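K.L.:
Got a structure here, written out as structure tokens. Questions coming.
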Amino acid sequence: MPKVTINKAFHFREGAGVKRYIASEEEVEVSQAVADHAKAHGFLDDEKPAQAPKPAQPVQRGREPQPAGDDVK
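Numbering of the sequence shown is given in the numbering used here, commencing with residue 174 and proceeding in unit increments.
Printed below as a string of structure tokens:
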């Protein structure tokens with residue numbers, strides 16, 4: 174079951190019962206259906222996308238680049 178942080182209270186019907194989910198500062202464990210509903214309707218905290226790691230610089234192989242200018246022989 175996913176854990177989510179709810180920023181706005183909402184009601185969700187599962188079967189014959191309706192349950193109220195209140196806003197919380199902490200993560201709350203809910204069913205997948207509740208998590209999907211809350212995400213689709215904007216009831217969850219805005220999650221900042223994880224920043225992708227920057228690609229590593231490829232190792233230069235072969236000849237070193239020659240400096241431009243008067244030093245070139």
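Ideal Cβ placement from N, Cα and C applies to all residues, glycine included. The structure presented is a predicted model; accordingly, all values stated were derived computationally and were not measured.
Could you tell me which residues DSSP pairs with His184 in its beta bridges?
P.N.:
What you label residue 184 is simply residue 11 of the sequence shown in a count that begins at 1. BP columns for His184 point to Arg193.
K.L.:
For Lys227, which of helix, strand or coil comes out of DSSP?
P.N.:
What you label residue 227 is simply residue 54 of the sequence shown in a count that begins at 1. The answer is coil: DSSP assigns Lys227 none of H, G, I, E or B.
K.L.:
Can you check which of these residues, Pro240, Pro175 and Ile179, is closest to Ser197 by C-alpha distance?
P.N.:
Reading the sequence shown from its first residue, position 24 is the one you call residue 197. Of the listed residues, the one whose Cα sits closest to Ser197 is Ile179.
K.L.:
Where Glu200 and His184 are concerned, what is the direct C-alpha to C-alpha distance, given to the nearest angstrom?
P.N.:
Counting from one through the sequence shown, the residue named residue 200 turns up at place 27. Counting from one through the sequence shown, the residue named residue 184 turns up at place 11. Per the coordinates, the alpha-carbon of Glu200 lies some 17 Å from the alpha-carbon of His184.
K.L.:
Would you identify the three-state DSSP class for Val232, choosing helix, strand or coil?
P.N.:
Taking the first residue of the sequence shown as position 1, residue 232 is located at position 59. Here Val232 sits in coil by DSSP.
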